[in-house]
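Number of protein chains: 2
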Amino acid sequence: MVKIGIIGYGNLGRGVECAVKQNPDMELTAVFTRRDPKTVTVLTPGVTVASVNDVADWKDKIDVMIICGGSATDLPEQTPAYAKLFNVVDSFDTHARIPEHFANVDASAKAAGKVALISCGWDPGMFSLNRLYANCILPDGKDYTFWGKGVSQGHSDAIRRVPGVKNGKQYTVPVEAALEAVRSGSNPELTTREKHTRECFVVLEEGADAAAVEKAIKTMPNYFADYDTTVHFISEEELARDHAGIPHGGFVIRTGQTGWNKENKHVIEYSLKLDSNPEFTSSVIVAYARAIARLAKEGVSGCKTVFDIAPAYLSPLSGDEIRAHLL
Amino acid sequence: MVKIGIIGYGNLGRGVECAVKQNPDMELTAVFTRRDPKTVTVLTPGVTVASVNDVADWKDKIDVMIICGGSATDLPEQTPAYAKLFNVVDSFDTHARIPEHFANVDASAKAAGKVALISCGWDPGMFSLNRLYANCILPDGKDYTFWGKGVSQGHSDAIRRVPGVKNGKQYTVPVEAALEAVRSGSNPELTTREKHTRECFVVLEEGADAAAVEKAIKTMPNYFADYDTTVHFISEEELARDHAGIPHGGFVIRTGQTGWNKENKHVIEYSLKLDSNPEFTSSVIVAYARAIARLAKEGVSGCKTVFDIAPAYLSPLSGDEIRAHLL
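Residue numbers (my numbering), protein chains in the order written: chain A, 1 to 327; chain B, 1001 to 1327.
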């Protein structure tokens, strides 16, 4: 049994807990929280909830620690720190800062003889893998990534910071015509506006000016100004009833040419349609936690990404079984 | 530079030659044929064409030998034999015989200190990888594989063996309604007939009985009897004009559930749309040949499959570069 620990019990931590339940070769040992542990109730019977301050006491009781903090401020501190004590997995998703995060985690993990996996999930994660495989197969080609339809947490937060907004949710929507143009192999150059639209569902504060709120959202730099944005005003009840989920997904497409004169076209497409973004991310993380536990047993140390892990390490099945049934 | 050799210069061998040209870190060293080498002209200037009987002379001049024989009778003999002399890659695709082929190649390669990769391409190959990843991520779920629209060589051969048929080509076509049912997450149980249709383009011999030919095709056991099959009679000119290509493709879809009570559904889909089946297969093989050359340098020996190769080994880029640009 692979003994799993979770640091941080939000949507992602709960998703990890659910994914561990679906994998019979894994068990959840403890959940660590920054809150008062007495105020946190987990779903799995018999699992300890402890303070994150006591995590060092669990050094020899956990095979893989899954760090479920945020990428902005938590993970850059947490992952290098906990990699000194545990084999760890995180879902660090600030693409631009991955090289720096990798270097920090690698130094910690190597010094401690631990193995760490960063940036695990679907983007970065499964989408990255598909970009890599497709680039290696079709060196002459072009990559496209589309996201959605799905809830963007960052854009939803941005809406909620607009004066007059009580609550809100934002969906990123890929433009179907752009997807079709890409799939045709015509290698279109697409602007930001041509690739995605943004759809906002907003609950106003009592007496707020709807027109002013709509304008503030649509013109917000970085978040909305470069997109065609639609704003729908709804009630708090409608928001709770129709927009409680956290769906997401997207498409990674590479088109390319082969042949002596590049006369043949090919389209490689990978897509996800997810009812729950955090639960799917956690499911990827838990499969990779199995790989990390195995690498640790082999004496491997240092920081890894999904690029460095042979796919067979993710499976509970033996090499004979996967060759017979999945090859 | 990775020095590549090719054994067998048919569609697949020519595809490998084209793919090597697209990868600046690789070079084609020699092509080996069972024919008289003087009768074989390759595309790449300066490349030796030699008899397959002289292949042992090239033992130290080739990093990876790509064996482009057929799965029915060639590869079961060739791959274990050549793995005694070279690091090798093949595209063995008789799924049921993979365990036996793996064992034979593994024994040869281990004894010789060589590394071998079998069953490389897209199915087996990229489709297998996607089945494995999706199964590990969503342990509670169901797999679906659809092929086409594309030319089935085996079914085209079967048509051409029917008395009265001068020439013919068969397309395997996935049923759109079945694909949609799968994508909906409804986990349908689909019969063979519900998943694919078969479309045949047939050139009759002078004076042949069209009705008899059509009946012979449509009722042929294993190949057509279990499918809805359409037969079109066309001229040799139309066949040459409209059906000269070897397109193929397909879809690997896994649907599954996550959540404490399995309340959330997810769809993972991987698809290929290929103008040239052999050129795409060769492109996958050549990317993996790079990985095999690296593993050989690391002193690895024995038989591998795509499941055993960490994705980073396929890329000409460094770890730093792929983390910065593709993660």
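In this text, a Cβ means the ideal position worked out from N, Cα and C, and glycines have one as well.
Boundaries (first-last residue) of the beta strand (DSSP E) holding residue i
i: B:M1126; result: Looking at the DSSP string, B:M1126 is not in any beta strand (DSSP E); the run it does join, the alpha helix (DSSP H), is 1126 to 1137.
i: A:C200; result: 196 to 204
i: B:S1271; result: 1264 to 1274
i: A:P174; result: 165 to 174
i: B:D1143; result: 1141 to 1147
i: B:L1295; result: Run containing B:L1295: none in the beta strand (DSSP E); it sits in the alpha helix (DSSP H), 1277 to 1297.
i: B:G1154; result: Counting along the chain, B:G1154 falls outside any beta strand (DSSP E), though it belongs to the alpha helix (DSSP H) covering 1153 to 1160.
i: B:A1116; result: 1115 to 1117
i: B:I1090; result: Reading off the sequence, residue 1090 of chain B comes out as Asp, not Ile. Unbroken beta strand (DSSP E) run through B:D1090: 1087 to 1090.
i: A:V2; result: 2 to 7
i: B:E1084; result: For the sequence presented, residue 1084 of chain B should be read as Lys rather than Glu. Taken as a continuous stretch (DSSP letters only), B:K1084 belongs to no beta strand (DSSP E), as it is neither H nor E.
i: A:C303; result: 302 to 304
With 16 other Cβ atoms within 10 Å as the buried cut-off, status of residue i
i: B:L1012; result: buried
i: B:D1057; result: exposed
i: B:S1283; result: buried
i: B:D1063; result: buried
i: B:E1279; result: buried
i: B:D1140; result: exposed
i: A:E77; result: exposed
i: B:N1023; result: buried
i: B:M1126; result: buried
i: A:G37; result: Note that residue 37 of chain A is Pro in the sequence shown, not Gly. Counting Cβ neighbours within 10 Å, A:P37 comes out buried, since at least 16 surround it.
i: B:H1243; result: buried
i: A:G121; result: buried
i: B:R1198; result: buried
i: B:L1128; result: Note that residue 1128 of chain B corresponds to Ser in the displayed sequence, not to Leu. When all chains shown are included, B:S1128 counts as buried.
i: A:A109; result: buried
i: A:R254; result: buried
i: B:R1241; result: exposed
i: A:N261; result: exposed
i: A:G69; result: buried
i: A:N87; result: buried
i: A:R290; result: buried
i: A:T192; result: exposed
i: B:S1091; result: buried
i: B:L1043; result: exposed
Supposed contact pair residue j and residue i - C-beta distance, whole angstroms, cut 8 angstroms
i: B:T1033; j: B:V1040; result: 5 angstroms
i: A:N53; j: A:Y270; result: Their Cβ separation, rounded to whole angstroms, is 41 angstroms, which puts A:N53 and A:Y270 out of contact at 8 angstroms.
i: B:H1196; j: B:Y1227; result: 6 angstroms
i: B:V1203; j: B:V1231; result: 12 angstroms between Cβ atoms; not a contact.
i: B:I1159; j: B:I1217; result: 6 angstroms
i: A:A83; j: A:V105; result: 5 angstroms
i: A:A116; j: A:K304; result: 7 angstroms
i: B:G1154; j: B:H1248; result: In fact, because the Cβ distance is near 12 angstroms, the residues do not count as touching under 8 angstroms.
Host alpha helix (DSSP H) of residue i (start-end)
i: B:V1105; result: 1098 to 1112
i: B:G1319; result: 1319 to 1325
Original post:
What residues from the region 1095 to 1112 of chain B come within 8 angstroms of chain A, judged by C-beta to C-beta, listed N to C?
Top reply: Flagged, chain order: H1095, I1098, P1099, F1102.
**OP:** Only counting runs of 4 or more residues, tell me where the alpha helix (DSSP H) segments fall wholly within the region 186 to 261 of chain A, in order along the chain.
**Re:** Counting whole runs of 4 or more residues, the region 186 to 261 of chain A contains the alpha helix (DSSP H) stretches 192 to 195, 210 to 218, 236 to 242.
**OP:** Could you name each continuous beta strand (DSSP E) segment of 3 residues or more that falls completely within the region 18 to 79 of chain A, going from the start of the chain to the end?
**Re:** For the region 18 to 79 of chain A, whole beta strand (DSSP E) runs of length 3 or above, ordered along the chain, are 26 to 33, 48 to 51, 64 to 67.
Original post:
If contact means a Cβ-Cβ distance below 8 angstroms, which residues of the region 1022 to 1049 of chain B contact chain A?
Top reply: Hits within the stretch, in order: Q1022, N1023, L1043.
Original post:
If contact means a Cβ-Cβ distance below 7 angstroms, which residues of the region 247 to 260 of chain A contact chain B?
Top reply: Here the close residues are T258, G259, W260.
**OP:** Taking a Cβ distance cut-off of 7 angstroms, strictly less, list which residues of the region 259 to 290 of chain A are near chain B, in chain order.
**Re:** From the region 259 to 290 of chain A, only G259, W260, N264, K265, H266, V267, I268, E269, Y270, S271, L272, K273, L274, D275, S276, E279, F280, S283, V284, A287 have a Cβ closer than 7 angstroms to chain B.
**OP:** Quick one: which residues of the region 2 to 20 of chain A get their C-beta closer than 9 angstroms to a C-beta of chain B? List them in chain order.
**Re:** Of all residues in the region 2 to 20 of chain A, only R14, G15, E17, C18, A19 place a beta-carbon less than 9 angstroms from a beta-carbon of chain B.
Subject >> Residues in the region 1056 to 1072 of chain B having any Cβ partner in chain A nearer than 8 angstroms >> reply: Flagged: no residues at all.
Subject >> Residues of the region 293 to 307 of chain A with Cβ closer than 8 angstroms to any Cβ of chain B, in chain order >> reply: When C-beta distances to chain B are compared with 8 angstroms, the residues of the region 293 to 307 of chain A below that value are T305, V306, F307, in chain order.
**OP:** Could you run through the region 179 to 203 of chain A and flag, in chain order, every residue whose CB is less than 9 angstroms away from some CB of chain B?
**Re:** Listed by position, the residues of the region 179 to 203 of chain A near chain B (Cβ gap below 9 angstroms) are R183, G185.
**OP:** With 8 angstroms as the limit, tell me which residues of the region 131 to 152 of chain A have their beta carbon closer than that to any beta carbon of chain B; keep them in chain order.
**Re:** The residues in question are R131, L132, Y133, N135, C136, I137, L138, P139, D140.
**OP:** Could you name the residues of the region 1234 to 1246 of chain B whose beta carbon sits closer than 7 angstroms to any beta carbon of chain A, in the order they occur along the chain?
**Re:** Correct list: empty, as no residue qualifies.
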